[in-house]
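Engineer: Protein chains in written order, with the working numbering: chain A, 5 to 330; chain B, 501 to 995.
For every residue, glycine included, the Cβ atom is placed at its ideal position computed from N, Cα and C.
These numbers were taken from a predicted model, which means no experiment stands behind them.
Below is the structure I would like to discuss, written out as structure tokens.
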Ligand SMILES: Nc1ncnc2c1ncn2[C@@H]1O[C@H](COP(=O)(O)OP(=O)(O)O)[C@@H](O)[C@H]1O
Ligand SMILES: [Mg+2]
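This is the structure we're talking about:
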């Protein structure tokens, strides 16, 4: 551990993006407020994604009214696995992942079993707005479960690891893999104790890993060395992330992607105010890359492939093969 | 742009300073009290005349500077009647609710009480039956035993009358509806001491709907001496203005009923001379100043004009420091509440009410209520908690209990609602962080808003709030790091 504080001059040297700067120079400037509902509501995002052929976990059905909950068991009866979430939730709150059945009962990703009454109560809480910002009323989304990709075996406690990529004006600029841990209670949120891994833009190799803002070498629950992680199909993942720019029209977004064993990369959700911890996971600031993209002559019809190839070249890690890997 | 805005504001302030002579720093001048008496009554439909007793021009501790009346449709004059100055309003025909205003400015002065006048014997008719006459005699003789002069007799009488362990005699006298002041005067009458009734007004800045406090003056043989009939305090307290002295009733209304008089007051820290100049001149500044408003509104503005300061503090703490608060402007509301209750009692009552509210809430969540119902229940419970705390505090003699009632309920209910949502969503840790952050911001805002200099500036130079606005706008464009980020990103040093 270093000192308790870091000098502002050092942060500037590292090109760290601060909250004020993010809000004023990127979110306010590049994100049109009218477009926020598209990403703040997961249902809208999902319908939009279907329109744009962006792969996303299939929507099974939506519960909008309290009375629909009373005969919900008819709809859930013959579903082995599903994920239930609030459309306006954030930070992993209110997400119920059912990975199997034990007769009438449902097995959660943590292994605990719950009954239909628990599911009903959970749904009614979601409708009442327990998990939405400021308690606004909400709807319940029921979607397909993502099948774990083998490459993550032993790297995640309970939840599916997700990949956060910051996309600026259509260019993916920084990526991070988030692994749920016991401390984070199966959630992939860094401040709750998930592990964040910075990923090299050129090949998706691990650059640096942190938990609770501290550098670590191996997964705290499984003990597996984090540097071994390599994500297959990196270019496809970047393509998917870059596509989200056209889909939403937002200039500065965080895309949350997951890898499905059978279906490949899937878009889970988008965020119009993505967090800043991705910089800690990567051990570098966002600003130089953001300024670089800003300085690019923004030609109207740069294709998604073009942009992805550009960043894979431009933001490549010169030393991934040498010392920088953990 | 912002610099322009700020310099404009400062320019206007400087011009106002030069034009009206209001100083930039408070406290170098005598304070001026603006007092507004408001007479309300229900007119019966016919001719109406209202007569209000007015204070003398020279009072102990105060000097009348200027007076005026604003009551459209009424004839107004100031008359002298049996040595009493009175305002008289008349109207040929009036119906329904009527409000008459008289306002005056008093300058604090250090002139001593000129009340050396001869003892005028006032008659205080209270009917006493035989038993009461007897009791009065006994009370008097008991007081006489321990006293040697008119002054000490009065003091002993007050002691006897207000002691909680009263004997039969005082209980008998007090069982009537008469007030302590009347009772005292009647007893002193009997003892042959000249007395007169006084109605005093306690001056407190920015108060509305105040009433007169009955006092008693006795003639010691050389001069008049004021007694507080409840506490036995002698002499005129600095903050007491003797509105009405002896003579007839304070307010007489013919042709109306339900008449009453109430007072609002405000203290200005403006030199009397220059204030008068500003008010009499037709200068644009005096027209556009807050001083041109009625006093009731002025006292509200005094509070309102402090809000930008609170807003600036919130913006500063959030943008520059990175402190998290629950709700953007809830801290300002809390600090406004502190302004009313004063800091420590306010803080204690606020934390305890919110704490109890959160405990209750955790029980509620076991009931499996819908969220809306739960929050509504919570609000009802909070009102009970506040009432209970006030009552307990009052019974135990703590003034904190009393101040809780003044704590705006809405603010508390709102806070608990937000905190409980936060608890559900983020857990108790976040509640502590954001609740603590809000309190810190509220306390800082309170300390600033309560400083005499800033109070003075914001009220007398409202345009200076534009400087704050410019400051807020500037902070809104600040793109540097927050103080909290220097800590959050500290791990970057190792990389
Ligand atoms: N369809 C799904 N299948 C498996 N896990 C999921 C699914 N949807 C969400 N999750 C898990 O929940 C976490 C949060 O989901 P996300 O949709 O990003 O919601 P939030 O906005 O709350 O972050 C994901 O990181 C993942 O671990
Ligand atoms: Mg997410």
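Which same chain residues end up closer than 7 Å to residue 903(B) when comparing Cβ atoms and leaving out the 5 residues on each side of it in sequence?
Structural biologist: Indexing the second chain from 1 puts residue 903(B) at position 403. Annotation note: pLDDT 49 at residue 903(B) (below 50); position unreliable, coordinate value reported separately. Taken in chain order, the residues that qualify are 841, 845, 846 and 849.
Engineer: As a quick exercise: from 240(A), 156(A) and 285(A), pick the residue whose alpha carbon is nearest that of residue 233(A).
Structural biologist: Your numbering for residue 233(A) matches position 229 in the first chain. Looking at the Cα atoms, 156(A) is the closest of the given residues.
Engineer: Could you check whether the Cβ of residue 99(A) sits closer than 7 Å to any heavy atom belonging to ligand 1?
Structural biologist: On the first chain, residue 99(A) is found 95 positions in, with the first residue counted as 1. Yes, the beta carbon of residue 99(A) sits closer than 7 Å to at least one heavy atom of ligand 1.
Engineer: Looking at residue 92(A) and residue 140(A), is the spacing between their C-beta atoms short of 8 Å?
Structural biologist: Counting from 1 along the first chain, the entry for residue 140(A) is found at position 136. Counting from 1 along the first chain, the entry for residue 92(A) is found at position 88. Yes, the pair counts as a contact, with Cβ atoms nearer than the cut-off.
Engineer: Determine the direct distance from the alpha carbon of residue 883(B) to that of residue 159(A), and round the result to whole angstroms.
Structural biologist: By one-based count along the first chain, residue 159(A) stands at place 155. By one-based count along the second chain, residue 883(B) stands at place 383. Looking at the two C-alpha atoms, the distance is approximately 51 Å.
Engineer: What is the C-beta distance between residue 1033(B) and residue 607(B), in whole angstroms, given that I count them as a contact (C-beta under 8 Å)?
Structural biologist: Lying before the first or after the last residue shown, residue 1033(B) is absent from chain B, which here runs from 501 to 995.
Engineer: How many angstroms separate the CA atom of residue 61(A) from the CA atom of residue 264(A)?
Structural biologist: By one-based count along the first chain, residue 61(A) stands at place 57. By one-based count along the first chain, residue 264(A) stands at place 260. Spanning the two alpha carbons is a distance of roughly 9 Å.
Engineer: Does residue 299(A) come within less than 8 Å of chain B when only Cβ atoms are used?
Structural biologist: Against the first chain, residue 299(A) aligns to sequence position 295. Not closer than 8 Å to any Cβ of chain B, the Cβ of residue 299(A) fails to qualify, so no.
Engineer: Let me check understanding here. Comparing Cα to Cα, which of 66(A), 136(A), 56(A) and 97(A) lies closest to residue 41(A)?
Structural biologist: Residue numbering aside, residue 41(A) sits at position 37 when the first chain is read from its first letter. Among 66(A), 136(A), 56(A) and 97(A), the Cα nearest to that of residue 41(A) is on 136(A).
Engineer: Mind checking which residues open and close the beta strand (DSSP E) that includes residue 744(B)?
Structural biologist: Within the second chain, numbered from 1, the residue matching residue 744(B) stands at position 244. Where residue 744(B) is concerned, the enclosing beta strand (DSSP E) stretches over 740 to 745.
Engineer: Could you pull the DSSP bridge partners for residue 963(B) from this structure?
Structural biologist: Working through the second chain from its first residue, we reach residue 963(B) at position 463. DSSP output for residue 963(B) lists no bridge partner at all.
Engineer: Below 8 Å, can you find three or more Cβ-Cβ pairs linking the stretch 558 to 576 of chain B to the stretch 587 to 599 of chain B?
Structural biologist: yes
Engineer: Is the shortest distance between the beta-carbon of residue 814(B) and the beta-carbons of chain A less than 8 Å?
Structural biologist: Here the question's residue 814(B) lines up with position 314 in the second chain. Cβ-Cβ to chain A under 8 Å: no for residue 814(B).
Engineer: How many whole angstroms separate the CB atoms of residue 548(B) and residue 721(B), which I take to be in contact at a CB cut-off of 8 Å?
Structural biologist: For this step, residue 548(B) is matched to residue 48 along the second chain. For this step, residue 721(B) is matched to residue 221 along the second chain. Going by Cβ atoms, the distance from residue 548(B) to residue 721(B) rounds to 44 Å, so no, they are not a contact pair.
Engineer: In this structure, does DSSP put residue 172(A) in helix, strand or coil?
Structural biologist: The residue given as residue 172(A) occupies position 168 in the first chain. Here residue 172(A) sits in strand by DSSP.
Engineer: For ligand 2, is there any heavy atom lying closer than 7 Å to the beta carbon of residue 272(A)?
Structural biologist: Numbered from 1 along the first chain, position 268 holds the residue referred to as residue 272(A). For ligand 2, at least one heavy atom lies less than 7 Å from the Cβ of residue 272(A).
Engineer: Distance, Cα to Cα, residue 876(B) vs residue 654(B)?
Structural biologist: As a first step, residue 876(B) must be located in the second chain, where it is residue number 376. As a first step, residue 654(B) must be located in the second chain, where it is residue number 154. About 56 Å.
Engineer: Can you give me the C-alpha to C-alpha distance between residue 855(B) and residue 922(B), rounded to a whole angstrom?
Structural biologist: Counting from 1 along the second chain, the entry for residue 855(B) is found at position 355. Counting from 1 along the second chain, the entry for residue 922(B) is found at position 422. Distance between the alpha carbons of residue 855(B) and residue 922(B) is about 14 Å.
Engineer: Answer yes or no: the CB of residue 61(A) versus the heavy atoms of ligand 1, is any distance below 7 Å?
Structural biologist: To locate residue 61(A), count along the first chain from 1; it is residue 57. Relative to the non-hydrogen atoms of ligand 1, the Cβ of residue 61(A) comes within a distance shorter than 7 Å of at least one.
Engineer: If we define contact as Cβ-Cβ less than 8 Å, is residue 1084(B) a contact residue for chain A?
Structural biologist: Any property of residue 1084(B) remains undetermined from this structure, which presents chain B solely from 501 to 995.
Engineer: Taking Cβ positions only, does residue 236(A) come closer than 8 Å to chain B?
Structural biologist: One-based indexing of the first chain puts residue 236(A) at position 232. Taking Cβ atoms only, chain B never reaches closer than 8 Å to residue 236(A), which makes this a no.
Engineer: Buried or exposed for residue 570(B), please, with buried defined as at least 16 other CB atoms from any protein chain shown within 10 angstroms of its CB.
Structural biologist: The sequence position of residue 570(B) within the second chain is 70, counting from 1. It counts as exposed.
Engineer: How many angstroms separate the CA atom of residue 967(B) from the CA atom of residue 977(B)?
Structural biologist: Here residue 967(B) is taken as the residue at index 467 of the second chain, counted from 1. Here residue 977(B) is taken as the residue at index 477 of the second chain, counted from 1. Residue 967(B) and residue 977(B): Cα-Cα distance of roughly 16 Å.
Engineer: What do you reckon, is the C-beta of residue 265(A) under 7 Å from a heavy atom of ligand 1?
Structural biologist: The count along the first chain starts at 1 and reaches residue 265(A) at position 261. No, the beta carbon of residue 265(A) sits no closer than 7 Å to any heavy atom of ligand 1.
Engineer: Between 107(A), 59(A) and 166(A), which has its C-alpha nearest residue 376(A)'s C-alpha?
Structural biologist: Examination of residue 376(A) is not possible in this model, given that chain A is present from 5 through 330 alone.
Engineer: Closest Cβ-Cβ distance between residue 512(B) and chain A: below 8 Å?
Structural biologist: Counted from its first residue, the second chain places residue 512(B) at position 12. With 8 Å as the cut-off, residue 512(B) does not count as an interface residue toward chain A.
Engineer: Verify whether the separation of the beta carbon atoms of residue 942(B) and residue 831(B) is less than 8 Å.
Structural biologist: Here residue 942(B) refers to the residue found at position 442 when the second chain is read from its first residue. Here residue 831(B) refers to the residue found at position 331 when the second chain is read from its first residue. Yes, they are a contact pair.
Engineer: If the cut-off is 7 Å on Cβ atoms, which residues from the stretch 961 to 987 of chain B count as contacting chain A, listed in chain order?
Structural biologist: 977, 978, 979, 980, 981, 982, 985, 986 and 987
Engineer: Could you give the DSSP three-state label for residue 989(B): helix, strand or coil?
Structural biologist: Taking the first residue of the second chain as position 1, residue 989(B) is located at position 489. Reduced to three states, the DSSP call for residue 989(B) is coil.
Engineer: Closer than 7 Å, Cβ to Cβ, to anything on chain B: give me those residues from the stretch 10 to 29 of chain A, in chain order.
Structural biologist: 10, 12, 14, 15, 18, 20, 22, 23, 24, 25, 28 and 29
Engineer: Run the CB neighbour count on residue 768(B), radius 10 Å, all protein chains shown included, and call it buried at 16 or more, exposed below.
Structural biologist: As a first step, residue 768(B) must be located in the second chain, where it is residue number 268. Residue 768(B) should be labelled buried.
Engineer: Counting only C-beta atoms, is residue 924(B) closer than 8 Å to chain A at any point?
Structural biologist: Numbered from 1 along the second chain, position 424 holds the residue referred to as residue 924(B). Yes, because at least one Cβ of chain A sits closer than 8 Å to the Cβ of residue 924(B).
Engineer: Exposed or buried, which one is residue 873(B) when buried takes at least 16 other CB atoms within 10 Å?
Structural biologist: Counted from its first residue, the second chain places residue 873(B) at position 373. Residue environment for residue 873(B): exposed (fewer than 16 other C-beta atoms within 10 angstroms of its C-beta).
Engineer: With DSSP collapsed to three states, give me the class of residue 307(A).
Structural biologist: To locate residue 307(A), count along the first chain from 1; it is residue 303. Looking at residue 307(A) - three-state DSSP - the assignment turns out to be coil, as it is neither helix nor strand.
Engineer: Along the beta strand (DSSP E) that carries residue 155(A), what are the first and last residues, could you check?
Structural biologist: If you number the first chain from 1, residue 155(A) lands on position 151. From DSSP, residue 155(A) is part of no beta strand (DSSP E); its letter is neither H nor E.
Engineer: Quick one: Cα of residue 327(A) to Cα of residue 211(A), how far?
Structural biologist: Within the first chain, the letter at position 323 stands for residue 327(A). Within the first chain, the letter at position 207 stands for residue 211(A). In this predicted model, residue 327(A) has a pLDDT of only 43, less than 50, meaning its place in the structure is not dependable enough to derive any value.
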